Amino acid sequence: MAVAEHAVAPAHQGPHPVDTRPPLRRLVPLSLQHLLVAYAGMATMPLLVGTALHLPEDRIRLLISANLLVSGVATVLQSMGAKWLGARLPIVMGSTFTAITPAIIIGEEHGLAAVFGATIVSGLVTLAIAPWFGRCLHLFPPLVTGTVIAVIGFSLVPSAAGLVTGDGGGGGGGGGGKALVLAAATVLLVVLVQRLAPPAVARFSVLVAMAAGTVLALPLGLFDGSEVAEARVVTAPDPTAFGAPTFVVPAIAAMLVVQLVNMVESVGDTLAVGQIVGRGDDAPTVVRALRADGAATVVSGAMASFPIVTFGQSVGLVSVTRVKSRHVVALSGVLMVVLAFVPVLGAAVAAVPGPVLGGVSLVMFGTVGAVGLRILARADLTDSRNLLTVALAFALGMIPVGAPDFYAPLPSYVRTVLDSGIAVTGIVAFLLNLLFHHTGPARLRKEPAR
Numbered sequence: 112m113a114v115a116e117h118a119v120a121p122a123h124q125g126p127h128p129v130d131t132r133p134p135l136r137r138l139v140p141l142s143l144q145h146l147l148v149a150y151a152g153m154a155t156m157p158l159l160v161g162t163a164l165h166l167p168e169d170r171i172r173l174l175i176s177a178n179l180l181v182s183g184v185a186t187v188l189q190s191m192g193a194k195w196l197g198a199r200l201p202i203v204m205g206s207t208f209t210a211i212t213p214a215i216i217i218g219e220e221h222g223l224a225a226v227f228g229a230t231i232v233s234g235l236v237t238l239a240i241a242p243w244f245g246r247c248l249h250l251f252p253p254l255v256t257g258t259v260i261a262v263i264g265f266s267l268v269p270s271a272a273g274l275v276t277g278d279g280g281g282g283g284g285g286g287g288g289k290a291l292v293l294a295a296a297t298v299l300l301v302v303l304v305q306r307l308a309p310p311a312v313a314r315f316s317v318l319v320a321m322a323a324g325t326v327l328a329l330p331l332g333l334f335d336g337s338e339v340a341e342a343r344v345v346t347a348p349d350p351t352a353f354g355a356p357t358f359v360v361p362a363i364a365a366m367l368v369v370q371l372v373n374m375v376e377s378v379g380d381t382l383a384v385g386q387i388v389g390r391g392d393d394a395p396t397v398v399r400a401l402r403a404d405g406a407a408t409v410v411s412g413a414m415a416s417f418p419i420v421t422f423g424q425s426v427g428l429v430s431v432t433r434v435k436s437r438h439v440v441a442l443s444g445v446l447m448v449v450l451a452f453v454p455v456l457g458a459a460v461a462a463v464p465g466p467v468l469g470g471v472s473l474v475m476f477g478t479v480g481a482v483g484l485r486i487l488a489r490a491d492l493t494d495s496r497n498l499l500t501v502a503l504a505f506a507l508g509m510i511p512v513g514a515p516d517f518y519a520p521l522p523s524y525v526r527t528v529l530d531s532g533i534a535v536t537g538i539v540a541f542l543l544n545l546l547f548h549h550t551g552p553a554r555l556r557k558e559p560a561r
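Throughout, the working numbering is defined as the position within the sequence shown, counted from one, plus 111.
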């Protein structure tokens, strides 16, 4: 019996890699790496909504500051945990692109106050139904989560291309052939550092590529630091600038649909990160993650910001760098809070040229897609039912990416769902998995092992 007890050694001697804290000299640059990768996405959501609603620049800056503040707090909460909140995994949080179109439509019809009110309600609903999602986790097998994560990654590739060409909100884009060369050089730098550098340096491959790419942008004329000189040194988010949140039924209904999509995305991202780091791909962790999503979204609406969700970029970065420590991500959340109050630092981060950010984003989003495919490989794709599920989920989910106006003739409340490739993929994969494996005569058929 003693031999049997000692035959199986624990998976980790000492603290789990997720719980280890790197020394300060590595902790800070690793955290900065997460911040730089996520910043463009966090600034893009409020920027696009504010621009579409014709807000003055000072109001758009307030939206960005509020978004950074809430995202930073949510990232710390998600990575470090607080009682029954937080996955305690290296997960960055931020506002979701899924909410852009609904927020613009609601803002045009009812004002931004209605957007924030609907955001509060959607966060409360997330808190309420998070345990139910945990109990239904068996309905999200690798067939569903792998497909959703793959589409999350691949559907974001065009936004990375937009950063290169200047259509994605990054600075320094629109440089024509020079921008393409700079983006390609950035991707190549990530690859070379991963391949040639020692492991201790390879962990910083994205940061090294962004720093070197920014330097290369100088002689190409693709670096613009004017915003840094013009930015205020210190400011504070002001949630009262847009009035008290209002609660409008159509706005709430639209945002609840968005939040259901966000919950499916969060489930997929949480399970993906859990599998990468070797801990937390279980129902209790998913429930805590969703509760953190809900709590952060409630606070976000109260602070004049938008729904908060897990950031797919963090999945890609953890997979590429293999840095599993949640303390690294928690510090990046603290840095986001600092940026919310010190706009000049945010302007310095935003000065990273668009082609550099685009090149890095191509790597990150492609990695997210590859992680999804790796999870999907655990499903039995020799089963024709599973193959049909993946085929339809991918095909229908990629329509909004390749043909953004495909559903334009339909009512706005329908387009809220169909214009999101992630939403369509999640709905199709979930329903077909139910149809083929959990309903009617299909349950009597022997299902292949997964």
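Beta carbons: idealized from backbone N, C-alpha and C, even for Gly. As the structure is a prediction and not an experimental result, all values here were calculated from the model.
- Here residue 405 is buried: its Cβ has 16 or more other Cβ atoms, across all protein chains shown, within 10 Å.
- Residue 288 is classed as exposed because its beta carbon has fewer than 16 other beta carbons within 10 Å across all chains shown.
- Proximity of the region 126 to 144 to the region 434 to 441 meets the contact definition, three or more beta-carbon pairs being nearer than 8 Å.
- Judged by pairs of C-beta atoms under 8 Å, the region 463 to 474 does not touch the region 252 to 259, as fewer than three such pairs exist.
- Residue 237 counts as buried, since no fewer than 16 other beta carbons sit within 10 angstroms of its beta carbon.
- Sequence-distant Cβ neighbours of residue 452 in its own chain, meaning closer than 7 Å and more than five residues away, are 345, 346, 347.
- Per the Cβ contact rule, the region 364 to 377 is in contact with the region 201 to 211 (3 or more Cβ pairs under 8 Å).
- At a Cβ-Cβ threshold of 8 Å, residue 296 and residue 336 do not count as neighbours.
- Here residue 223 is not near residue 158, since their CB atoms are 8 Å or more apart.
- Taking a cut-off of 8 Å on C-beta distances, the region 388 to 407 does not touch the region 212 to 226, as fewer than three cross pairs fall below it.
- Residue state for residue 202 is assigned as coil, using DSSP reduced to three classes.
- Rounded to whole angstroms, the Cβ separation of residue 431 and residue 317 is 7 Å, and the two are in contact under 8 Å.
- In the assembly as shown, residue 192 is a buried residue. Its beta-carbon has 16 or more other beta-carbons within 10 Å.
- Residue 170 and residue 497 have their alpha carbons spaced roughly 48 Å apart.
- For the region 232 to 315, there is no continuous beta strand (DSSP E) assignment of 3+ residues that stays within its boundaries.
- Runs of the alpha helix (DSSP H) lying entirely within the region 114 to 168 and spanning at least 4 residues, in chain order: 135 to 163.
- Annotated as proximal: residue 350 and residue 414, with beta-carbon spacing under 8 Å.
- Here residue 520 carries a coil assignment [DSSP, helix/strand/coil].
- For residue 536, the enclosing alpha helix (DSSP H) has its first and last residue at 532 to 548.
- Comparing alpha-carbon positions, the option among 274, 512, 291, 361 lying closest to residue 221 turns out to be 361.
- Residues 129, 198, 199, 200, 381, 384, 385 of the same chain have their beta carbon placed closer than 8 Å to that of residue 391, with the five preceding and five following residues left out of the count.
- Taking every protein chain shown into account, the CB of residue 548 has 16 or more other CB atoms within 10 angstroms, so this residue is buried.
- Put simply, the backbone Cα of residue 212 is about 8 Å away from that of residue 160.
- In this chain, the beta strand (DSSP E) harbouring residue 421 covers 419 to 421.
- Close CB contacts of residue 531 within its chain, under the 7 Å cut and outside five residues either way in sequence, are with 209, 372, 511 (chain order).
- Inclusion of residue 263 and residue 483 in the CB contact set at 8 Å is warranted, their separation being smaller than that value.
- For residue 381, the enclosing alpha helix (DSSP H) begins and ends at 360 to 388.
- The secondary-structure analysis by DSSP pairs residue 193 across a beta bridge with 196.
- With respect to residue 419, residue 176 sits apart: the two C-beta atoms are not nearer than 8 Å.
- Residue burial annotation: residue 244 is buried, with at least 16 other C-beta atoms found within 10 angstroms of its C-beta.
- Ranked by Cα distance from residue 173, the options 398, 253, 457, 367 are led by 457.
- In the three-state reduction of the DSSP assignment, residue 176 falls in the helix class.
- Residue 535 sits close to residue 529, with the two beta carbons spaced by under 8 Å.
- When the five nearest sequence neighbours on each side are left out, the beta carbons in the same chain lying within less than 8 Å of the beta carbon of residue 355 are those of 224, in order along the chain.
- Secondary structure of residue 513 (DSSP, three-state): helix.
- Burial of residue 334 is indicated by the presence of at least 16 other C-beta atoms within 10 angstroms of its C-beta.
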